[in-house]
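> Protein chains in written order, with the numbering used here: chain A, 17 to 240; chain B, 23 to 247.
The structure follows.
Rendered as structure tokens:
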């Protein structure tokens, strides 16, 4: 691909938490970009061209080079635009941040999403699993304002779905996972996160999320 | 830089990835052999969440998960033998393909090993599709890292010994030299690099490791029926 000043594009889907974290990462770093909405239920040829391997969003396109996977995109942003760093500097802290970001997606998000897609015993187990994983996260966060310390960072962005999307999933699935009394650290962090100037005002509409995930739950339950 | 310990076992390819990286960087380390059927208090203390190997202990702090350990090693011992590509885009694509290897190539190979009957043929096709994508990635290059091995070569490295072991245990062939000539050629070059060769376990150990794992899984399935 020709290297040149083709700018930055982000291909995404409005309700994807993986896309949101990248958008916020770019805004925190003051990176100008063009957002391209992709209808994931009617995918364009663009997406299979720029992400032939997984066909998923988000995909960052920088100077014509496509890059998928939200956690990888966020690392790339930090390496190319070094101001307003999202990652810690210390190698051990970086390893920790990467570990917990994988935990966020592979454990917390997976189990929480399963509560939306299931019912009865499977849903009950998913709720228990999600709570167990959140207990680990609560301990990791401790009493800090953000996972990044005093300022929002990479791990906050990766955990961000807990603050604004998990409550929607809980409502749709009619379950309780993040009980504020049992998770005081996370409850405080949730407010810190959604009130942050970059996040606040750039959250998807709660009503629209509810409608979307209620429909998704119906679709998944029909398949069972 | 402080003593380095690796909790693991050399029949496990995620552990050997770490040993390869340390050897290439000339870092002295001590291996603490783990018995996965009787995990040590040290392992449970150092990796309480996943309780898995490998664990790198450096300056008394644990780093877990082989891909994360490789990046940590590269960042701490950065002046000798860089593992990650220098260009940020190439570095990110290496991370992408490493994730693909562990989440797709390894997983589908295991699925094919475990499957039986009609399901086995489907699983074999799925595994081969992932290998096709890797074959395309090595086109025009001696190694995934370019002229010398790097991070992605260490991540893919399990296919030189552990994939044949998986094939043997699963009674199947996934990586044959006629269907995947470039990947096959890469394995031949990779395995002859001294630092790589020195850390390889005997093939029987790898076969034994997977056969034991498969027997265990099958006994779990049988007890559920």
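Think of the CB as a built atom: it goes at the ideal place given N, C-alpha and C, for glycine as much as any other residue.
Identify every residue that forms a DSSP beta bridge with residue 118 of chain A.
The partner list for residue 118 of chain A (beta bridge, DSSP) is empty, contrary to what the question assumes.
> Using DSSP with H/G/I as helix, E/B as strand and the rest coil, what is residue 80 of chain B?
In the structure shown, residue 80 of chain B sits in a strand (DSSP, three-state: E or B).
> Here's a check: name, in chain order, each residue in its chain whose Cβ is nearer than 6 Å to the Cβ of residue 230 of chain A, leaving out the five neighbours to either side.
Taken in chain order, the residues that qualify are 188.
> Since residue 201 of chain A contacts residue 210 of chain A with CB under 8 Å, what's their CB separation in whole angstroms?
Residue 201 of chain A to residue 210 of chain A, Cβ: 15 Å. No contact.
> Helix, strand or coil: how does DSSP classify residue 84 of chain A here?
DSSP places residue 84 of chain A in strand when its eight states are reduced to three.
> Could you please give the first and the last residue of the uninterrupted beta strand (DSSP E) stretch that includes residue 26 of chain B?
Unbroken beta strand (DSSP E) run through residue 26 of chain B: 26 to 30.
> How about the stretch 94 to 106 of chain A and the stretch 42 to 54 of chain A: do they share at least three Cβ pairs that are nearer than 8 Å?
Touching, yes, given that three or more Cβ pairs across the two stretches are closer than 8 Å.
> At the 9 Å Cβ level, is residue 85 of chain A part of the contact set with chain B, yes or no?
By this cut-off, residue 85 of chain A is an interface position.
> Using only CA atoms, which one of A:34, A:240, A:227, A:91 lies nearest to residue 121 of chain A?
Taking only the C-alpha atoms, the option nearest residue 121 of chain A is A:34.
> In the DSSP assignment, the beta strand (DSSP E) including residue 53 of chain A goes from what residue to what residue?
Looking at the DSSP string, the run of the beta strand (DSSP E) that includes residue 53 of chain A is 50 to 53.
> Work out the CA separation of residue 176 of chain B and residue 89 of chain B for me, nearest whole Å.
Answer to the nearest angstrom: the Cα atoms are 10 Å apart.
> Straight-line CA distance for residue 192 of chain A to residue 39 of chain A?
If you take the alpha carbons of residue 192 of chain A and residue 39 of chain A, they lie about 28 Å apart.
> So which residues on chain B does residue 37 of chain A lean against when the C-beta distance must stay under 8 Å?
By Cβ distance, chain B contributes nothing, its closest Cβ being about 16 Å from residue 37 of chain A, past 8 Å.
> Counting only C-beta atoms, is residue 110 of chain B closer than 9 Å to chain A at any point?
Taking Cβ atoms only, chain A reaches closer than 9 Å to residue 110 of chain B, which makes this a yes.
> Could you tell me whether the stretch 180 to 196 of chain B touches the stretch 159 to 168 of chain B, where touching means 3 or more Cβ pairs closer than 8 Å?
Output reads no: the stretch 159 to 168 of chain B does not touch the stretch 180 to 196 of chain B.
> Can you tell me the Cα-Cα spacing of residue 183 of chain B and residue 35 of chain B, whole angstroms?
So the alpha carbons of these two residues sit roughly 9 Å apart.
> Grouping DSSP H, G and I as helix and E and B as strand, with all else coil, what is residue 36 of chain A?
Three-state DSSP puts residue 36 of chain A in a helix.
> Is residue 120 of chain B closer than 9 Å to residue 196 of chain B when the C-beta atoms are compared?
No, these two residues do not count as a Cβ contact at 9 Å.
> Among residues of its own chain, excluding the 5 on either side of residue 172 of chain A, which ones have a beta-carbon nearer than 7 Å to its beta-carbon?
Once the five neighbours on either side are set aside, the close Cβ partners of residue 172 of chain A are 162, 163, 164, 209.
> Residues in the stretch 149 to 180 of chain A with C-beta within 7 Å of chain B's C-beta atoms, listed in sequence order?
For the stretch 149 to 180 of chain A, which is checked against every Cβ of chain B, the residues closer than 7 Å are 152.
> So, for residue 51 of chain A: in the same chain, excluding its five sequence neighbours on each side, which residues have a beta-carbon less than 6 Å away from its beta-carbon?
Cβ within range, chain order: 26.
> By DSSP, does residue 77 of chain A sit in helix, in strand, or in coil?
Residue 77 of chain A: strand per DSSP, three-state reduction.
> For residue 141 of chain B, report the span of its alpha helix (DSSP H) as first-last.
Here the alpha helix (DSSP H) through residue 141 of chain B covers 140 to 160.
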